[in-house]
Amino acid sequence: MDSIARLGRYGIDFTFRLGESVLFLVSAIRGAAASLSRWGLIIEQIYAVGVLTMLITIVSGLFVGMVIGLQGYYQLVNFSAESSLGLVVALSLVRELGPVLSALLFAGRAGSALTAEIGLMKATEQLAAMEMMAVDPVSRIIGPRFVAGIISMPLLAALFSAVGVLGGYLVGHGQFGIDQGVYWTSMQTGVDLVEDILNGVIKSVVFGVIVVWIALYEGYASAPTSEGISRATTRTVVWSSLSVLGSDYMLTGLMYGG
Amino acid sequence: MSLQHLSEDSIVEAHDLHFAYSDRPVFDGLNLSIPRGKVTVIMGPSGCGKSTFLSLLGGRLVPDKGRISFDGTAVPSKSGPELYAMRRKMGMLFQKSALLTDLNVFDNVAFPFRETTRLPEALIRIQVLTKLQMVGLRGACDMQPSELSGGMARRVALARAIALDPLIIMYDEPFVGLDPISMGIILKLIRNLNDVLNLTSIVVTHDVTEGCEIADYVYLLDGGRVSGSGTPEQLSTQSDPAIEQFMQGLADGPVGFHYPAKDYLEDLAG
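Chains A and B, in that order, give the protein sequences. Be aware that the first sequence starts at 757, since it is given in the working numbering, and climbs by one per residue. Be aware that the second sequence starts at 13, since it is given in the working numbering, and climbs by one per residue.
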């Protein structure tokens, strides 16, 4: 009986948080619209969530590109199709790995930082103080971070893919001696601007919305204690990673299914 | 000074105020009025709803029943332009000072100007330096909040709270965790700012000595209602055992030393 009650409570709690987070999203969008006129604040946040995530994105992108180069070459060489290595690397990065992996890194690096920052602002009464100074924390704090996250995410994904393509080139040309003209030409002819690149950008914009939404909500709704903040930070990383992977499946189905 | 007399020129009035946190009742028909231009101290044991009263007054919480009004108009129950207009006339000093950690002292005090007014930067600078001078921290204007001691942080927060020249200023536990010198400074500042700037001050505290030292009028809260009120002198001579216990900090009295439990011997014997 107890476990059934617990399950029910968990269900109610989950539904409550889901509804609350949707209401939060609505007010965050309102706050984002209000903050659009304040570019200084947005650029500050682009630095915090975007620029500071660049290093980890570049390093990961390079290694992922190199690994695809290796794996791709080992398989393609069996069919003497190593001339398509550039295409394989570019497509897998631009369509899937670029947006998804950079979103996972973004959730771990920037999302967790956002949650902790907002949670601490709440715990130290900074948000309450703003309210009492007649400043709406949603447009002053949440809005700029929301916009900055949505702007940064596709740029980071593009950076990830670009560096990954270079990594594939290093392996393909440097290690296996594939002709550089062949590597780049296969990419140029095979990658479609709309089908591949635009869809990848759309994906990363969606992932950006998901990650900052979850991160900001968890921070804003966190219990204002050290334990509450640590739990909120964990939840941000877990939930945004799962949501990115789940929505990637759905987006891929929608984009390439028809 | 009777309550009747006070309500003739009171800036804050609570009438039959009821409030509960989900299932824990806090106020059960609270009536009080804060006289204009005076320092009013609200005291009571921890958890009696002193800080909740300030949240209700600031419109951050909404009463379940009853009315709370500020400067003649009811505090709006919905977040919106009216509520923000009302908050512009209120200053609040939070217990944790609540300085914005990513801004230095100057920018913290400048924050309300930059966010809610369109004053030119040169004018803001003059205003900020004036406010910092009042709390004696003009020299610290380039410091970061993390470099400040607890007492200094509270003084900066005080300068920020008076930035927009509010009508009232609310102090939430201003004496907690201060060394004796900082305590003396804060006590002096509350009195001086009140008299010089022609403010009304509401101080919420459980420190009886400090509270009585600066109070013009005292409210004691207990069990969701006002359990006693008057000037500090009137209260200290009252014979009500509950008031006496609180004012003198006695360990035993109407609020028992022992938390209700079953019989001691019975419990020991198992």
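Backbone N, C-alpha and C fix where the C-beta goes; we use that ideal spot for every residue, glycine too. All values reported here derive from a predicted model rather than from experimental measurement.
Going by other Cβ atoms of all chains shown within 10 Å of its Cβ, with 16 needed for buried, is residue i buried or exposed?
| i | result |
| --- | --- |
| A/G1013 | exposed |
| A/R765 | exposed |
| B/I174 | buried |
| B/I181 | buried |
| A/E838 | buried |
| B/S295 | Lying before the first or after the last residue shown, residue 295 of chain B is absent from chain B, which here runs from 13 to 282. |
| A/L763 | exposed |
| B/Q156 | exposed |
| B/D184 | buried |
| A/M757 | exposed |
| B/R130 | exposed |
| A/N955 | buried |
| B/F23 | The sequence shown places Ile at residue 23 of chain B, not Phe. Its Cβ being crowded by 16 or more others within 10 Å, B/I23 is buried. |
| B/V220 | buried |
| A/M1006 | exposed |
| B/K77 | exposed |
| B/L15 | No answer about B/L15 holds up, because its pLDDT of 48 lies below 50 and its placement is not dependable. |
| B/P186 | buried |
| B/N210 | exposed |
| B/M13 | Reliability fails at B/M13, whose pLDDT of 41 lies under 50, so the model's placement of it is uncertain and the value that follows must be treated cautiously. When all chains shown are included, B/M13 counts as exposed. |
| A/L792 | exposed |
| A/F916 | buried |
| A/W995 | buried |
| B/Y33 | exposed |
So the candidates are the options; which of them puts its Cα closest to the Cα of residue i?
| i | options | result |
| --- | --- | --- |
| B/L176 | B/P124, B/L190, B/V188 and B/I198 | B/P124 |
| B/G235 | B/L280, B/Q260 and B/R36 | B/R36 |
| A/L841 | A/G923, A/S960, A/V962 and A/W969 | A/G923 |
| B/L9 | B/I226, B/V208 and B/Q257 | As shown, chain B starts at 13 and ends at 282. That puts residue 9 of chain B outside it, with no answer to give. |
| A/E881 | B/I202, B/S63, B/S58 and B/T129 | B/S63 |
| B/N43 | B/Y33, B/I54 and B/S34 | B/I54 |
| A/E852 | A/R991, A/V965 and A/I953 | A/I953 |
| A/M877 | A/V994, A/E974, A/G787 and A/S999 | A/E974 |
| A/L808 | A/L912, A/G964 and A/V782 | A/L912 |
| B/M102 | B/N116, B/K108 and B/G70 | B/G70 |
| B/T142 | B/S158, B/A263, B/V168 and B/E159 | B/V168 |
| B/L190 | B/V121, B/N210, B/A171 and B/G162 | B/G162 |
| A/D1004 | A/V815, A/V957 and A/E983 | A/V957 |
| B/R172 | A/M886, A/I898, A/V927 and A/F932 | A/M886 |
| A/F780 | A/I799, A/V994 and A/V968 | A/V968 |
| A/I798 | A/L847, A/G920 and A/P900 | A/P900 |
| A/A884 | B/V147, B/Q107 and B/E159 | B/Q107 |
| B/D228 | B/F39, B/S213, B/I197 and B/K90 | B/S213 |
| A/V965 | A/I785, A/F770 and A/I814 | A/I785 |
| B/E159 | B/L111, B/K50 and B/E127 | B/L111 |
Name, please, each residue of chain B whose Cβ falls closer than 8 angstroms to the Cβ of residue i.
| i | result |
| --- | --- |
| A/P891 | In the sequence as presented, Pro is not what sits at residue 891 of chain A; that position holds Val. Simply F123, P124, E127 and T128. |
Since residue i meets chain A, which of its residues come closer than 9 angstroms, beta carbon to beta carbon?
| i | result |
| --- | --- |
| B/M104 | A884, A885, M888 and M889 |
| B/R1 | The requested residue 1 of chain B is not part of the displayed model; chain B covers only 13 to 282. |
Starting from residue i, find everything on chain A with Cβ-Cβ shorter than 8 angstroms and list it in chain order.
| i | result |
| --- | --- |
| B/A110 | T880, E881, Q882, A884 and A885 |
Under 7 angstroms Cβ-Cβ, which residues of chain A neighbour residue i?
| i | result |
| --- | --- |
| B/Y96 | A890 |
| B/R36 | Chain A residues near B/R36: none, gap ~16 angstroms exceeds 7 angstroms. |
Could you tell me whether the Cβ of residue i comes closer than 7 angstroms to any Cβ of chain C?
| i | result |
| --- | --- |
| B/R203 | In the displayed structure, chain C is absent; the protein chains listed are A and B. |
At a threshold of 6 angstroms, does residue i count as lining the ligand HEM (C-beta to nearest heavy atom)?
| i | result |
| --- | --- |
| A/L797 | Absence of the ligand HEM from the depicted structure is noted, as is the absence of any ligand whatsoever, leaving it without description. |
Against chain B, which members of the segment 775-802 of chain A pass a CB distance test of less than 7 angstroms? If the cut-off is 7 angstroms between Cβ atoms, the segment 775-802 of chain A has nothing near chain B.
Which of the residues in the segment 112-144 of chain B, read from start to end, lie with their CB under 8 angstroms from any CB of chain A? L112, T113, F123, P124, E127 and T128
Short of 7 angstroms Cβ to Cβ, which residues in the segment 981-1000 of chain A face chain B? Cβ proximity to chain B below 7 angstroms picks out nothing from the segment 981-1000 of chain A.
Residues, ordered as in the chain, of the segment 894-908 of chain A that lie near chain B by beta-carbon distance below 8 angstroms: R896
Mind listing which residues of the segment 71-94 of chain B have their C-beta closer than 9 angstroms to chain A's C-betas, in chain order? The segment 71-94 of chain B vs chain A, Cβ under 9 angstroms: G71, R72 and S91.
Entirely enclosed alpha helix (DSSP H) segments - the segment 214-273 of chain B, minimum 4 residues: 220-226, 244-248 and 253-260
Any chance you could list the alpha helix (DSSP H) runs of at least 4 consecutive residues sitting entirely within the segment 136-208 of chain B, in chain order? Runs of the alpha helix (DSSP H) inside the segment 136-208 of chain B: 162-173 and 192-208.
At which residue ranges does the segment 774-842 of chain A contain complete beta strand (DSSP E) runs of 3 or more residues, listed in the order of the chain? Listed in chain order, nothing qualifies, since the segment 774-842 of chain A has no complete beta strand (DSSP E) run of 3 or more residues.
At 4 residues or longer, and completely inside the segment 85-127 of chain B: list those alpha helix (DSSP H) runs for me, N to C. 93-99
In chain order, which alpha helix (DSSP H) runs of at least 4 residues are fully inside the segment 17-86 of chain B? Note on the segment 17-86 of chain B: whole alpha helix (DSSP H) runs with a minimum of 4 residues are 62-69, in chain order.
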